[in-house]
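One structure is given below, encoded as structure tokens.
In the UniProt record's numbering, the protein residues as written are 1 to 657.
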């Protein structure tokens with residue numbers, strides 16, 4: 001049940017409209033008058049009575065921006081009312097119709113309005129400055145009375161409902177009102193030509209309404225059918241039809257994109273919602289405001305029975321709803337961002353009811369929310385049992401709350417500090433960075449340079465150790481390398497500048513610094529080492545057996561290394577070799593027989609046959625003179641050569657690279 005305010009302002013109300021700030025309401029008390037009520041304290045008092053129509057006023061619309069009222073009547077006329085000098089001044093609109101005007105609606109930009117009529121046409125009315133009057137163009141594609149009109153939010157499309165069982169959408173562009181530089185959504189369609197026509201209803205269509213986004217159009221008919229056309233899926237809208245168990249609806253309102261409130265002969269607003277792409281009836285908004293839901297129909301049956309059995313004709317009947325008669329109009333009262341939080345209804349019982357729904361949701365959805373909230377509370381209380389953070393790319397300086405808060409000022413959930421700490425401590429394959437740069441933003445786990453001596457051991461979850469700068473103090477260097485030599489988890493070391501303290505047996509990849517040039521002896525490198533990278537200054541001789549037989553990748557950078565490779569110096573397991581600016585001559589059998597990748601830059605000498613292993617499939621940076629020799633590389637798939645300008649044939653045209 002929703003909260004509401006009831007105002008009894010007339011014996012019967014056929015239409016109502018609000019001004020911009022909802023301080024005044026205009027209504028028709030089922031006659032030729034328009035009464036404007038103003039809020040004074042807690043009461044509504046009549047402020048103006050507009051008398052210009054000759055017959056019953058059928059519709060009223062109040063433009064919030066220009067503060068103009070437009071009204072239509074059974075007298076075949078429409079008036080635009082302007083407030084001047086404390087009075088409402090009417091201006092007759094040239095409709096040129098011979099039947100009653102049934103409905104009127106301002107466009108969103110308030111530069112034109114549409115009038116439905118019993119003359120099988122719709123008048124698109126606009127103001128002509130030259131003649132100082134409201135003129136109109138006719139849309140004549142209907143076969144019977146037009147009952148309702150509604151403007152699309154783009155101010156160009158107009159939807160109409162008719163008693164010929166059809167709903168149509170027109171392009172209502174008017175050059176005088178809209179100007180020339182207007183992008184029309186469906187191109188240059190002739191005025192009055194329908195763009196879409198819907199025939200899902202089997203009776204006259206009482207009501208229709210666009211959603212706030214304009215992507216959906218809802219309409220209802222006298223056979224208790226509700227249909228919703230969805231324009232968001234492509235060129236042709238998809239229409240979903242819903243047969244209601246209720247009496248026919250007279251008016252509709254989208255309170256959200258997925259919620260419609262319908263009003264009509266049931267005397268109570270009903271809610272229709274969309275979930276999972278399917279529209280369904282969700283219930284009555286004030287079902288619990290009186291007796292049981294079936295009381296209305298039971299009372300009606302009892303009245304008839306009393307007339308037959310007892311001859312009674314006067315029985316006091318009260319419906320179990322706020323409204324006691326048919327609801328004719330529903331309007332938004334308060335809306336934000338396309339979501340209606342409050343709406344108003346008026347009916348033949350003379351009541352205007354303001355419904356506070358903020359925002360409108362079904363009881364089932366509320367129950368789901370309550371259950372979900374309780375589940376969330378339990379999950380929060382037991383968060384340490386199941387919750388952990390993804391710390392793959394977290395950058396911190398330690399494993400306690402002090403470091404977490406110091407390194408993560410954006411971490412605003414102190415109640416989750418223990419969870420974050422536990423997540424970090426349970427990490428595997430982490431990187432430990434030792435650097436003097438406290439703003440280092442490399443991945444995983446960073447450790448600041450000034451805290452090196454506070455490190456008691458290298459955690460077991462550290463598998464990669466990166467020393468980005470040389471540790472200048474001898475005591476710090478000794479401390480970190482002694483910890484490293486005891487580690488059983490570090491598999492990769494980048495930035496090593498000394499072997500004085502030994503290396504961990506678990507090491508699989510080793511990258512020396514550029515200035516490393518210490519002699520290597522048998523056993524100085526771990527037996528399980530798979531990748532080895534020397535810097536630009538390394539120039540120490542390599543004896544047979546120094547490089548472990550597990551080595552598969554070896555790189556010499558910078559050109560300092562110029563020792564001749566003797567057969568057996570390189571391990572037989574080697575598959576990848578990088579040599580930069582190497583000028584020595586290869587000896588037969590010096591390169592391993594299983595070598596697959598060779599990147600070479602250096603001496604430009606012809607190689608003898610058999611120097612390069614036949615297993616090589618990739619040869620990079622090789623001098624062009626090599627291909628002049630007798631190469632036997634049957635597995636070669638990738639060849640990249642370096643040329644000298646004077647080695648190219650003179651017949652080649654100039655090249656631009």
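C-beta: ideal position from N, C-alpha, C; glycine also. For clarity, every value in this text was computed on a predicted model and none was experimentally measured.
Selection from the options that minimises the alpha carbon distance to residue i
i, options, result
"residue 557", "573, 537 and 566", "537"
"residue 508", "517, 478, 463 and 518", "463"
"residue 571", "551, 235, 586 and 585", "551"
"residue 49", "69, 485 and 43", "69"
"residue 214", "382, 41 and 233", "233"
"residue 185", "569, 153, 56 and 176", "153"
"residue 199", "210, 4, 167 and 422", "167"
"residue 13", "5, 559, 479 and 30", "30"
"residue 251", "595, 67, 203 and 265", "265"
"residue 516", "488, 560 and 84", "560"
"residue 632", "640, 278 and 608", "608"
"residue 171", "137, 202 and 356", "137"
"residue 575", "605, 591, 356 and 249", "591"
"residue 161", "181, 182 and 202", "202"
"residue 164", "118, 182 and 20", "118"
"residue 197", "325, 183 and 239", "239"
"residue 432", "453, 386, 418 and 493", "493"
"residue 635", "87, 378 and 619", "619"
"residue 382", "41, 418 and 545", "418"
"residue 346", "355, 339 and 338", "355"
Exposed unless 16 or more other CB atoms sit within 10 angstroms - verdict on residue i
i, result
"residue 659", "For residue 659 there is no data in the structure shown, the boundaries of the chain being 1 and 657."
"residue 221", "buried"
"residue 380", "exposed"
"residue 243", "exposed"
"residue 34", "buried"
"residue 643", "exposed"
"residue 430", "buried"
"residue 52", "buried"
"residue 336", "exposed"
"residue 282", "buried"
"residue 549", "exposed"
"residue 20", "exposed"
Alpha-carbon to alpha-carbon, residue j and residue i
i, j, result
"residue 270", "residue 146", "25 Å"
"residue 617", "residue 597", "6 Å"
"residue 80", "residue 129", "15 Å"
"residue 47", "residue 18", "14 Å"
"residue 156", "residue 193", "13 Å"
"residue 553", "residue 612", "17 Å"
"residue 626", "residue 542", "26 Å"
"residue 72", "residue 140", "19 Å"
"residue 510", "residue 595", "20 Å"
"residue 669", "residue 637", "No answer is possible for residue 669: it lies beyond the span of the chain, which begins at 1 and ends at 657."
"residue 334", "residue 341", "6 Å"
"residue 455", "residue 416", "25 Å"
"residue 568", "residue 586", "13 Å"
"residue 76", "residue 237", "34 Å"
"residue 484", "residue 490", "8 Å"
"residue 217", "residue 7", "31 Å"
"residue 577", "residue 488", "28 Å"
"residue 404", "residue 502", "Caution is warranted here: a pLDDT of 47 is assigned to residue 404, below 50, making its placement in the model unreliable, and no coordinate value can be reported."
"residue 606", "residue 623", "9 Å"
Residue range of the alpha helix (DSSP H) that includes residue i
i, result
"residue 206", "Here residue 206 belongs to no alpha helix (DSSP H); instead the beta strand (DSSP E) covers 205 to 210."
"residue 481", "474 to 486"
"residue 385", "383 to 386"
"residue 26", "Premise fails: residue 26 lies in the beta strand (DSSP E), 24 to 28, not in any alpha helix (DSSP H)."
"residue 661", "Past the edges of the chain, shown from 1 to 657, lies residue 661, and the structure says nothing about it."
"residue 587", "No alpha helix (DSSP H) holds residue 587; DSSP gives it neither H nor E."
"residue 178", "175 to 178"
Where the beta strand (DSSP E) through residue i begins and ends
i, result
"residue 664", "One cannot answer for residue 664 here, as it falls past the ends of the chain, which runs 1 to 657."
"residue 239", "238 to 243"
"residue 91", "87 to 92"
"residue 334", "327 to 336"
"residue 116", "112 to 117"
"residue 501", "Where residue 501 is concerned, there is no enclosing beta strand (DSSP E), given that its DSSP letter is neither H nor E."
"residue 35", "33 to 40"
"residue 516", "It is not in any beta strand (DSSP E) - residue 516 carries neither H nor E in the DSSP assignment."
"residue 169", "167 to 171"
"residue 278", "278 to 284"
Segment contact, 8 Å Cβ cut-off, at least three pairs: the region 182 to 190 with the region 249 to 256: Verdict: no, contact absent.
Can at least three beta-carbon pairs, one atom from the region 57 to 71 and one from the region 10 to 25, be found at a separation below 8 Å? Yes, they touch.
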